[in-house]
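Worksheet: the structure to be examined is printed underneath.
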Amino acid sequence: MGLADASGPRDTQALLSATQAMELRRRDYHMERPLLNQEHLEELGRWGSAPRTRQWRTWLQCSHARARALLLQHLPVLVWLPRYPVRDWLLGDLLSGMSVAIMQLPQGLAYALLAGLPPVFGLYSSFYPVFIYFLFGTSRHISVGTFAVMSVMVGSVTESLAPQTLNDSTRDADRVRVASTLSVLVGLFQVGLGLIHFGFLVTYLSEPLVRGYTTAAAVQVFVSQLKYVFGLHLSSHSGPLSLIYTVLEVCRKLPQSKVSTVVTAAVAGVVLLVVKLLNDKLQRQLPMPIPGELLMLIGATGISYGMGLKHIFGVDVVGNISAGLVPPVAPNTQLFSKLVGSAFTIAVVGFAIAISLGKIFALRHGYRVDSNQELVALGLSNLIGGIFQCFPVSCSMSRSLVQESTGGNSQVAGAISSLFILLIIVKLGELFRDLPKAVLAAIIIVNLKGMLRQLSDVCSLWKANRVDLLIWLVTFTATILLNLDLGLMVSVVFSLLLVVVRTQMPHYSILGQVPDTDIYRDVAEYSEAKEVPGVKVFRSSATVYFANADFYSDALKQRCGVDVDFLISQKKKLLKKREQLKLKQQQKEKKLQKQAASSKGASVSINVNTSLEDMRSNNVEDCKVSPGDKMEDATANGQEDSKAPDGSTLKALGLPQPDFHSLILDLGALSFVDTVCLKSLKNIFHDFREIEVEVYMAACHSPVVSQLEAGHFFDASITKKHLFASVHDAVTFALQHPRPVPDSPVSVTRL
1 MGLADASGPR DTQALLSATQ AMELRRRDYH MERPLLNQEH LEELGRWGSA PRTRQWRTWL
61 QCSHARARAL LLQHLPVLVW LPRYPVRDWL LGDLLSGMSV AIMQLPQGLA YALLAGLPPV
121 FGLYSSFYPV FIYFLFGTSR HISVGTFAVM SVMVGSVTES LAPQTLNDST RDADRVRVAS
181 TLSVLVGLFQ VGLGLIHFGF LVTYLSEPLV RGYTTAAAVQ VFVSQLKYVF GLHLSSHSGP
241 LSLIYTVLEV CRKLPQSKVS TVVTAAVAGV VLLVVKLLND KLQRQLPMPI PGELLMLIGA
301 TGISYGMGLK HIFGVDVVGN ISAGLVPPVA PNTQLFSKLV GSAFTIAVVG FAIAISLGKI
361 FALRHGYRVD SNQELVALGL SNLIGGIFQC FPVSCSMSRS LVQESTGGNS QVAGAISSLF
421 ILLIIVKLGE LFRDLPKAVL AAIIIVNLKG MLRQLSDVCS LWKANRVDLL IWLVTFTATI
481 LLNLDLGLMV SVVFSLLLVV VRTQMPHYSI LGQVPDTDIY RDVAEYSEAK EVPGVKVFRS
541 SATVYFANAD FYSDALKQRC GVDVDFLISQ KKKLLKKREQ LKLKQQQKEK KLQKQAASSK
601 GASVSINVNT SLEDMRSNNV EDCKVSPGDK MEDATANGQE DSKAPDGSTL KALGLPQPDF
661 HSLILDLGAL SFVDTVCLKS LKNIFHDFRE IEVEVYMAAC HSPVVSQLEA GHFFDASITK
721 KHLFASVHDA VTFALQHPRP VPDSPVSVTR L
């Protein structure tokens with residue numbers, strides 16, 4: 001039963017009426033719509049001039065709207081804070097902020113040591129940047145502040161520009177000046193890149209590269225804390241192989257280790273590991289994680305003060321922590337030239353870590369993170385923080401996970417954690433002056449557990465993608481051997497070069513048609529796909545540009561099964577030889593004609609004719625090629641040869657002919673074309689037409705066609721009749737026209 005029978009006569013009549021009405025409306029539209037050429041369209045597309053009395057008012061309105069939009073774009077807190085659902089989110093943000101602050105306190109103290117600075121500056125870096133990000137950031141869940149990778153990068157800079165001296169106070173003052181100036185410069189880079197919309201810059205840092213880099217940074221952090229774990233005084237090492245020199249020095253000075261310091265670090269590390277294991281196992285039962293780090297700080301400080309670990313056992317402690325905030329200080333611009341390279345590296349790495357985490361949480365919770373605004377927010381956090389003597393910061397993965405898991409819904413949690421840190425700076429900071437540095441080192445090493453687990457990427461990438469494994473290994477090795485700044489530079493360059501190399505060696509294939517379809521697949525991979533007789537379809541898996549244009553041409557000629565260059569050279573040799581013999585014959589005939597004209601008598605004329613016939617027969621023998629060639633005698637008669645239209649064909653010259661008459665280039669993979677690609681395509685047209693094969697192109701995207709037109713690719717010999725929307729259209733046309741297009745010349749000038 002058909003659709004009309006099932007729906008009834010009324011529905012059928014209504015359907016027919018609607019169809020007729022649509023057809024009539026379509027006809028009326030085509031009859032009434034004027035035909036527009038390009039000039040008419042351009043005239044309709046121009047903006048008319050507004051009346052002068054309204055132009056000034058319109059400009060003011062537009063300027064006001066733009067200023068408001070710009071303010072809301074770069075100050076997102078004005079957008080989301082008025083709409084903040086207090087009843088639904090405030091309690092969760094309050095608990096989350098307290099939990100993050102509990103982690104922020106010990107990590108701030110510990111990561112300041114990692115940066116080579118007094119611990120109180122870690123608290124400053126946990127307050128100012130966090131509150132600035134609350135105003136300008138777009139991610140609702142990341143926890144901005146001190147981070148191990150950033151701290152160790154800062155530490156490598158401070159130790160190189162302000163090395164160890166006898167006066168600790170002078171050394172600390174110099175390092176604080178270097179770190180704060182570095183933070184200002186990092187902020188300037190990030191704000192500048194964000195304002196010019198360079199947020200895409202982080203896309204050049206692939207995930208294997210970032211994971212390999214952070215793993216190597218974790219190893220750097222681990223090695224840098226060994227001196228606090230064993231209570232050793234090490235020399236300052238910077239530059240390439242500094243990690244190797246530090247490890248060798250630690251091994252050499254191990255007999256000088258302080259047993260009390262080693263025991264303190266070991267006990268603290270074991271306790272922290274046990275607490276973290278309990279948090280993982282009891283995650284669903286606990287309303288918030290057990291603050292093991294905070295409890296460790298309080299307990300270790302109390303034990304150190306009560307037992308006198310510093311005076312009796314010689315355990316190094318944090319020392320005096322000044323209460324209150326420090327006044328703003330202008331950066332030392334004389335250091336800019338020395339810090340510019342490291343500042344750019346730290347800016348890119350910090351943004352890469354922040355935006356990767358931000359996008360993960362945004363995807364999980366269904367909101368959008370603006371990468372350019374994130375650059376501006378991080379930049380302002382570092383810029384303003386540097387003025388208040390903070391060191392460069394990013395976001396922490398562990399704190400971000402805690403902020404999300406404890407009910408955090410917005411950056412109000414970050415603001416609450418920063419206010420809690422402010423309270424500690426103003427009132428409670430001096431209570432931690434007896435905290436052992438070995439405990440802070442244990443906190444840092446235990447928090448490296450997540451990044452050190454990334455060493456298992458080697459096994460997973462070996463199974464999944466060995467090219468990504470190569471990027472991971474090169475990044476890890478370069479960062480370990482060359483330090484963090486040079487290691488990142490080498491890894492990025494290697495990653496980009498690897499992309500170029502992979503485009504130079506794409507997958508080339510000859511396509512065949514799947515029976516009874518318009519689908520074409522690689523005949524080497526699909527057994528059902530069969531080549532169309534007389535037609536070759538060639539495809540590359542990558543775009544064609546200057547780096548692989550020659551490889552594309554060579555692969556095309558190889559996959560077609562025809563030695564194109566040999567045929568062309570043989571054809572030119574035979575044609576040149578024929579022209580030389582023909583010219584020589586004409587010269588001899590002219591010479592004999594002159595002799596015949598000067599001679600008298602019938603006998604002389606007969607002799608001349610006989611000589612002419614003998615010379616022609618000799619020339620026919622000379623035109624025969626060597627025994628290895630199969631050239632036929634096409635020059636037996638000079639007069640017939642000049643009239644023969646096919647005298648220069650492969651068949652007439654005795655050369656082997658290709659088993660196909662048409663070549664189709666599937667250019668669907670092309671995303672752009674350059675001048676080298678244009679020349680390569682023109683040379684392909686020229687070479688295959690020389691061996692009597694017509695070339696067509698198929699599946700070009702519109703931008704590629706526009707670039708072909710801009711590059712003057714189409715001319716009298718290569719017209720748009722050679723360009724088809726799909727491979728099947730090109731194949732169908734080639735089968736219907738086994739010879740070149742009638743109204744276009746066959747010859748193309750080789751470039």
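Using UniProt numbering, you'd call the opening residue of the sequence shown number 1 and step up by one each time.
We treat Cβ as the ideally placed atom computed from N, Cα and C, and that holds for glycine.
Put residue i into one of helix, strand or coil per three-state DSSP.
i, result
"V317", "strand"
"V393", "coil"
"V369", "coil"
"R689", "helix"
"D522", "strand"
"Y128", "helix"
"A597", "helix"
"G187", "helix"
"G122", "helix"
"S717", "coil"
"G407", "coil"
"V562", "coil"
"S356", "helix"
"G145", "strand"
"L378", "helix"
"T198", "Sequence check: residue 198 is Phe here, not Thr. In this structure, F198 counts as coil in the three-state DSSP scheme."
"N683", "helix"
"S400", "helix"
"S139", "coil"
"F134", "helix"
Sorted by chain position, which residues of the same chain lie with C-beta nearer than 7 Å to residue i's C-beta, five sequence neighbours on each side aside?
i, result
"L556", "F538, I684"
"I384", "Y128, I132"
"S417", "G97, V100, A101, Q104, V130"
"L75", "L135, F136"
According to DSSP, what are the bridge partners of residue i?
i, result
"P436", "V317"
"D674", "According to DSSP, D674 bridges with nothing at all."
"Q513", "Y520, K530"
"Y508", "S540"
"Y696", "I664"
"L723", "M697"
"V535", "S662"
When you compare only the Cα positions, how much space is there between residue i and residue j?
i, j, result
"K651", "L581", "20 Å"
"G269", "D550", "60 Å"
"A542", "L667", "9 Å"
"E525", "D687", "28 Å"
"K576", "S569", "10 Å"
"G299", "L380", "36 Å"
"P658", "I664", "15 Å"
"L90", "I425", "25 Å"
"L309", "A265", "13 Å"
"A148", "A699", "50 Å"
"D468", "P208", "6 Å"
"F660", "P533", "7 Å"
"Y552", "D518", "25 Å"
"F344", "F189", "7 Å"
"G122", "N465", "40 Å"
"R689", "Y696", "11 Å"
"G414", "S400", "10 Å"
"V501", "V705", "26 Å"
"S183", "K276", "32 Å"
Spatial neighbours of residue i within its chain, please: CB distance less than 6 Å, with the 5 preceding and 5 following residues excluded, ordered by chain position.
i, result
"K624", "Its pLDDT being 44, under 50, K624 is placed unreliably in this model, and the value from its coordinates should be taken loosely. Nothing listed; no residue qualifies."
"A218", "L448, M451, L452"
"T301", "F432, D434, L435"
Would you please verify whether the beta carbon of residue i is less than 8 Å from any beta carbon of chain C?
i, result
"F351", "Protein chain content of the structure displayed is limited to a single chain, and chain C is not contained in it."
Ignore the nearest five residues each way along the sequence and tell me which others in residue i's own chain have a CB closer than 8 Å to its CB.
i, result
"F200", "S371"
"S394", "V144, F147, V149, M150, V349, G350, F351, I353, A354, L378"
"I196", "none"
"G239", "S160, N483"
Point to revise | Minimum length 4: unbroken alpha helix (DSSP H) runs contained in the region 267-336 | key: 292-307, 309-313
Review point. Hey, which unbroken runs of the alpha helix (DSSP H) at 4 residues or more fall wholly within the region 83-125?
Key: 86-114, 120-125
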